[in-house]
Each structure stands twice: as structure tokens, then as C-alpha cells.
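Going by the working numbering, the first residue of the sequence shown is number 28, and it counts up by one from there.
Beta carbons: idealized from backbone N, C-alpha and C, even for Gly.
Since this is a predicted model, take the numbers as computed values, not measurements.
Following: one structure in C-alpha cells, then a few remarks.
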Amino acid sequence: MNIIVSGCAGFIGARVCEFLLERGDFVFGLDNMSDAYDVRLKHHRLETLFERERFSFFGCDISDNLRLLSACEEIKGFCEGGRIDCVINLAASAGVRQSIENPWIYYSTNVTGTLNLLEFCRCEEIGKFVQASTSSVYGENDIPFSEDMKTDYQLSPYASSKKSAEGLCSVYNSLYGIDISVLRYFTVYGPAGRPDMSVFRFIKWINEGEEIVILGDGEQKRDFTYVDDIAAGTVSAIRNLGFEIINLGSATSVSLNEIIDLIERRTGKKAKIVCDPPHPSDIRVTLASIDKAKRILDWEPLFDIETGIENSLRWYNANRALAGSIEV
């Protein structure tokens, strides 16, 4: 298949590209190389992809429609018959707290960017679209979070922007018949992860002997889901489903204190913990119901938290010159 992946230099995007290449697809990656965090990490991820002959990279911001259309026209020239089979939208401005400081960029990328890609699919009659969403759309809800729950009350501009993108996907399925899978990712972690996320931060702070800053008491829980499981679920969604919203999570909730304890035991180092007041946009507990993903994607997570943390630590130690110098 000929597949466009936006956000290909991102944490999840790069791994999805690898999975697609492994199964023999031609992958056309889009990324604007945003400096939301250290771009060296994005270049690090791309290095692996550039080694693959079926991968092509295009510098592109999906919120810039003219540049997007230009890149997509160029991509069509590489495809037999000019045919693109699927678009996977993993480009996003991510992060709950950062979205409060600059909500405009979140709506530009997450809403306008999604709209631009959907319009491209409509005009080119591309039959399949996969949209990355987030567990943050659930807000404070009863656990486990299931896809049929009401999601009317988000706690951040980030969550709200992702919910808006979900609405656009529903519209384009209803009006134009585009087959769309919306995937609500839970807290994703793993090698070469985002440096603003807790697992990367905790590994760096503990390894480098720096203070760990926790907002709250550390007993808040997250459904930590390993990046390979997320990538596998995303690739599994490239099938005819109509319109579906699907949770991808581990179906296990782990506290921040448990993550810290696990890293301490693996490294033999003690964390220096500082507790600050909790943030009003933070959800206390997240936990995914993954019954739907099991049923319609034939997917379930394979990596437990111990294995995932071990793999993350191994990557950090192998790339310490880079990872240890990244601001978190």
C-alpha cells in the first residue's frame, strides 16, 4: 500500500512508519519538525527511517494547506497510478498543560491540520483515514473509560482540540463515505519517547541524580501503554470499519510512584522527589476498556510495564549522550 503518515518524526509516528515498512508498505512521511521539544530527538528517530528504501520524507506543516497540497502532489508522483491508499494522521500539538499556555497552536495543528488532510482525502477519493486521538477527551469519568461514554467535558484545550478533530472525522465519514478509524491513545511510553512525558522525565532525573518534580502526591494513575503496542494497533486499524472510535491502552492503571519505584529498582538509584501542588487540568485516574479493540481489530497489548520500562532504560543508556542532554 501507499500510505501517508503525518507526524512521522514524532514518537508514535516514527514507530508506526517502522511497522508499516516491515510489512512492505511504501511510506510517505510528513513532519514540520516542530521545536515543541528538542528536535535532535526527532532527527534521531528519522535516522532509522532514512535507512529504508520504501520511506520518503517531506517537510510539511499540515496546518499550511498550500504546502500540504504541494507535498501530496509530489507524493502522488511516486505512487503507481498516482494512487494513495491511506492517510494516517499522527501529527499533533500534544501535551495537556502546554495547551493552556498556547491554545492557538493546538487548534491550528489538531483541528485545521486534520481538516486539511480530510479535505485532501475527499478530493483524491482516498478511502481510508486513521486519526490519532487521546484518552484526555474522557476528562474525569468513571473507569474504565469506554468508547460509548459521554465526552462533553474536557479539561484542557488539547483535549478539546482532539475532540473537535473527532467530530470532523465523523462528518467526513457521514458526508463522503471515507472509512475512518479514530484511535484514542492512552499514556504512551517507550524508547525515544517524548521528553515532556513522565517516563522519559523520571528515567532522566533518576539516572542523572536530579530532583523529580511531581504535581500532587504521586498516587495519580495512568494507563501506561507501550509504543509498540500502540503502533501495532494503529496498523491494525487500516481495514474497512466504516466509522469507529477505538481505545488503545494497556487496560492496566499504574501510579507515578510505582513507575518511580520500578525505575529505582532497575537502576539501583534513589529518586529525589519534590511534590508540587496538583494541576487542575490533570485527570486523577485513566484506565482503558479495550474490549472493542480486541473485537474489531483483533488486537491486544503484549508488553507489560516492567518490560516497557526495561526497554526504555536500555534505550536511554545506549543513547545517553543525546537523552541525558535533552531538556525535560
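Per the DSSP secondary-structure output, E238 pairs in a beta bridge with K299. The bridge partners DSSP lists for I31 are F55, V114. Per the DSSP secondary-structure output, S83 pairs in a beta bridge with F55.
DSSP lists V157, E271 as the beta-bridge partner residues of S208.
Going by DSSP, V254 is part of no beta strand (DSSP E) but of the alpha helix (DSSP H) stretching over 254-263.
T334 counts as exposed, since fewer than 16 other beta carbons sit within 10 angstroms of its beta carbon.
Under the DSSP definition of a beta bridge, F251 partners with T214. By the beta-carbon neighbour count (other beta carbons within 10 angstroms, threshold 16), K248 is buried.
Sequence-distant Cβ neighbours of H306 in its own chain, meaning closer than 7 Å and more than five residues away, are R124, L242. For D255, the closest C-alpha among the options P218, N274, S280, L144 is that of P218.
The shortest C-alpha to C-alpha distance from T75 to any of S61, A36, L93 is the one to A36. Contact between F38 and R221 holds: CB atoms are separated by about 5 Å, below the 8 Å threshold. Boundaries of the alpha helix (DSSP H) harbouring R292: 283-294, taken from the DSSP string. Looking at the DSSP output, A315 bridges to F172. Distances from the CA of E80 to each of L47, A298, V66, S183 were compared; the closest alpha carbon is that of L47.
Non-local C-beta neighbours of E101 in its own chain, meaning closer than 8 Å and more than five positions away in sequence, comprise F85, ordered along the chain.
Taking C-beta separations shorter than 8 Å and ignoring five residues to either side along the sequence, the partners of F147 in its chain run L95, L96, C99, V114, I153, following chain order.
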